[in-house]
Structures are given as C-alpha cells and as structure tokens.
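Numbering of the sequence shown is given in our numbering, commencing with residue 786 and proceeding in unit increments.
Read through the structure below, which is laid out as structure tokens, and then see the notes.
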Amino acid sequence: MTLLGAAEIRELAASLDLKPSKSLGQNFVIDSNICTKIVRIAGVTSDDIALEIGPGLGSLTLALLQSAASVIAVEIDHRLATQLPVTVEKHFENPENLTVINQDALALEDLSAQPTVLVANLPYNVSVPVLLHLLEKFPSIRTGVVMVQAEVADRLAGHPGTKEYGVPSVKAAWWADVKGAGSVSRSVFWPAPNVDSKLVSFTRRATPGDEALRKKTFTIIDAAFAQRRKMLRSALSSLYGSSSAAEAHLQRAGIDPTLRGEALEISGFCAIASLAPDNF
Ligand code: SAM
C-alpha cells in the first residue's frame, strides 16, 4: 500500500482534467501524514466498517483501507466516484474492501452494511447538515473524526455560555459527545482553502428521548437561537402564541424564562420540549 502524495494528487487531477469545484468544497489533502493521523485519532480498527463522505481523489480513503475491515465512500462528483476504485486498485491489494456510492450524502437513507465509524474531510459548505443527517440515519456509527472549517469545529464542540455555542453544538449534543481534536494547516490542501481547518471527534451517546421528542427539541433550539440575544420567553413567543404563554410553559418546565438559549444544555431544551404539545 502506498498513500497519495502531492505529486500523485496533481497528476490524478490533471489526468481527469479536474478543476476543483468551490461549490463542492473540493480541497484535496496532499499530505499523507495528515490522513494517517486522522485515521489514528479516529481509532479505526480491523473490526470497523468506515463511512467516508467526499473521498475526492482518495487520500484519506487509502489511509482508511489500511486500518478498517472495509470502507464505504460516498462521493457526489461522478468523475471522482468513477476514478476512486481505479486508484484504489493501483495502490491497495484488497480493492474489494471499498464500496463507492455516487450520491449526495444528504440524500443517503440506507446502506448495505452498517458503518461503525465516520471519518471524513467534509465538504465545508454542508458539513453540519451532513454530520447531523448521518448521526440521525445511521445509529450504527459509534464514533468518528471529521475535518471541518475551524469556526464550524468550534461551534460543534462549543459549550453553553460561550459565543461558539449555538444550533450545531446543541443538535450535535443530542446525538454525541463532541470534542475538538486539533488544527490542520492550510498547506496540506490543494488548492489551499482561504479558511482554517480543524478536526472534531465524537462519540455517540444514548439520545435523551425518542424521535418525537427530538423533533420538538430541534424546533425549540432553532427558535431559541434564531434570536439568540433575546430571552427565551420572547425568542419562543411565536411558537407558543405569546411571550406570556411561552413564559408559563418555561416555568412549568423548570426553566428560567429570562435566560437566553445560549445558557441551556441539551437537557434544558429537552425539558421544554417534553411538555410541548404533540402537534407542536
Ligand atoms: N476526502 C478528500 C480529501 O481529503 O482529499 C476530499 C475532501 S473535499 C474537502 C470534499 C469532497 O466532498 C469532494 O470530493 C466533493 O466532491 C465531495 N462532496 C461535496 N459535496 C458532497 C455531498 N453533498 N455528498 C457527497 N460528497 C460531496
């Protein structure tokens, strides 16, 4: 097995006449050390079925194949999805361990095998929706490491009471414990992005409730942070019809109506949602 370096990535791109697409977030990793590091941080073992979103030219895919039992790679770009098995065949002795799916990750509903770990250099413009979608649809994913834009990493791993804490932090916390896992230099990418990147790791935890509660909780989270400088009684007033109705509801749930959403942990949002009507 040989991993892909800068020269191979450029050669591959040239042979495909590939002009990296900004809208698809195509910044390819050209430093194989970072790929090995990501797989190590993710703790991928030979018992794992790894799910990779956006394999691109295959840098991370090859590193994953070295450690996992198998890899499922979901790539939206047809040219890249078609090339990937060819690249893997050239560099890896068990190319049958790779399954490539040419699809939008946001439309992924089921898979033929149950992935246990998510490892991806996510397309930055859709990183949060992709992560939340996969955590929702694939409960077999226990852990993962994803590379995202630095600000998004800080938000995903944000704590109550900080400016980073917001919708991504609380929604991700419904599914998992999320932690920052280090910064990544711009120089490991081609083309170099004009934003910084960071890794986040997550470990799935028992969800605080069922799907009905999750939907209500997420509705309340969206409303609370849509006007994050407002107190909860006022931010949730349109959901309850008036701020006095919202205040009464918050008091019943044991939540101080003068708090802002940014002060509440996921458990606080669940407490509000668990008293909300079913047609909420
Ligand atoms: N993993 C590769 C690497 O590290 O070099 C490429 C990462 S690049 C940041 C993001 C990849 O995601 C691109 O290959 C892009 O085509 C793909 N992509 C973008 N949007 C996608 C989507 N909605 N579903 C699946 N793949 C997507």
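A virtual CB, placed ideally from N, CA and C, is assigned to each residue, including glycine.
Beta-carbon proximity of residue i to residue j, cut-off 8 angstroms
i: Leu845; j: Ile823; result: yes
i: Ser771; j: Gln888; result: Here the chain comprises residues numbered 786 to 1065, so residue 771 is not present and cannot be evaluated.
i: Ala858; j: Leu883; result: yes
i: Val969; j: Met932; result: yes
i: Leu1018; j: Pro1042; result: The sequence given here has Arg at residue 1018, not Leu. A contact, by the Cβ cut-off of 8 angstroms.
i: Cys820; j: Ala848; result: yes
i: Gly929; j: Ser986; result: yes
Neighbour-count burial assignment, residue i, 16 or more Cβ in a 10 Å radius
i: Ser852; result: buried
i: Arg1037; result: exposed
i: Thr1002; result: buried
i: Val871; result: exposed
i: Glu796; result: exposed
i: Pro1062; result: exposed
Selected residue, minimal CA-CA separation from residue i, among the options
i: Arg990; options: Ser925, Ile1040 and Ala1030; result: Ser925
i: Glu860; options: Gln934, Leu1044, Glu837 and Val873; result: Glu837
i: Tyr1025; options: Gly994, Ile1057 and Arg1014; result: Ile1057
i: Ile826; options: Gln1036, Lys964 and Asp1063; result: Lys964
i: Glu936; options: Ala977, Asn812 and Asp981; result: Asp981
i: Met786; options: Val873, Ile1005 and Leu803; result: Val873
i: Phe923; options: Val933, Ala1038, Ala961 and Pro908; result: Ala961
i: Leu907; options: Asp895, Ser897 and Ala890; result: Ala890
i: His918; options: Trp975, Ala892 and Pro900; result: Ala892
i: Pro993; options: Asp1007, Ala1009 and Ala958; result: Ala958
i: Ala835; options: Ile819, Ile815 and Val856; result: Val856
i: Asn1064; options: Ser1019, Lys807, Leu998 and Lys1015; result: Leu998
i: Lys807; options: Gln1012, Pro978 and Ile1051; result: Pro978
i: Pro1068; options: Ala799, Glu1050 and Thr821; result: Because the chain is modelled from 786 through 1065, residue 1068 falls outside the range shown and cannot be assessed.
i: Asp939; options: Leu797, Trp975 and Gly951; result: Gly951
i: His863; options: Ser972, Lys1015, Val885 and Ala1009; result: Val885
i: Gly839; options: Gly828, Leu801, Gln899 and Leu916; result: Leu916
i: Val829; options: Glu894, Thr988, Asn812 and Gly810; result: Thr988
i: Asp895; options: Leu920, Arg1045, Thr947 and Lys875; result: Leu920
i: Val904; options: Leu801, Leu984 and Leu1060; result: Leu984
i: Pro945; options: Pro880, Glu1047 and Ala1030; result: Glu1047
i: Gln868; options: Ser1028, Arg927, Ala1008 and Asp802; result: Asp802
i: Ile815; options: Arg971, Pro900 and Ala854; result: Arg971
i: Asn818; options: Leu788, Lys804, Tyr909 and Pro805; result: Leu788
i: Pro880; options: Ala854, Thr901 and Gln899; result: Ala854
i: Gln771; options: Pro914, Arg927, His876 and Glu878; result: Nothing about residue 771 can be reported from this structure: the residues present for the chain run from 786 to 1065 only.
Which parts of the region 793-831 are runs of the alpha helix (DSSP H), unbroken and 4 residues or longer, counting only runs that do not cross its ends? Those alpha helix (DSSP H) runs which fall completely within the region 793-831 and span 4+ residues are 817-826.
What runs of the beta strand (DSSP E), each 3 residues or longer, lie entirely inside the region 828-871? Secondary structure within the region 828-871: the beta strand (DSSP E) runs of 3 or more consecutive residues, fully enclosed, are 834-838 and 855-860 (chain order).
Quick one: complete beta strand (DSSP E) runs, 3+ long, within the region 981-1054? Here the runs fully enclosed are 982-989.
In chain order, which continuous runs of the alpha helix (DSSP H) of length 4 or greater are located wholly inside the region 893-967? Listed in chain order, the complete alpha helix (DSSP H) runs (minimum 4 residues) inside the region 893-967 are 912-922, 935-941 and 952-960.
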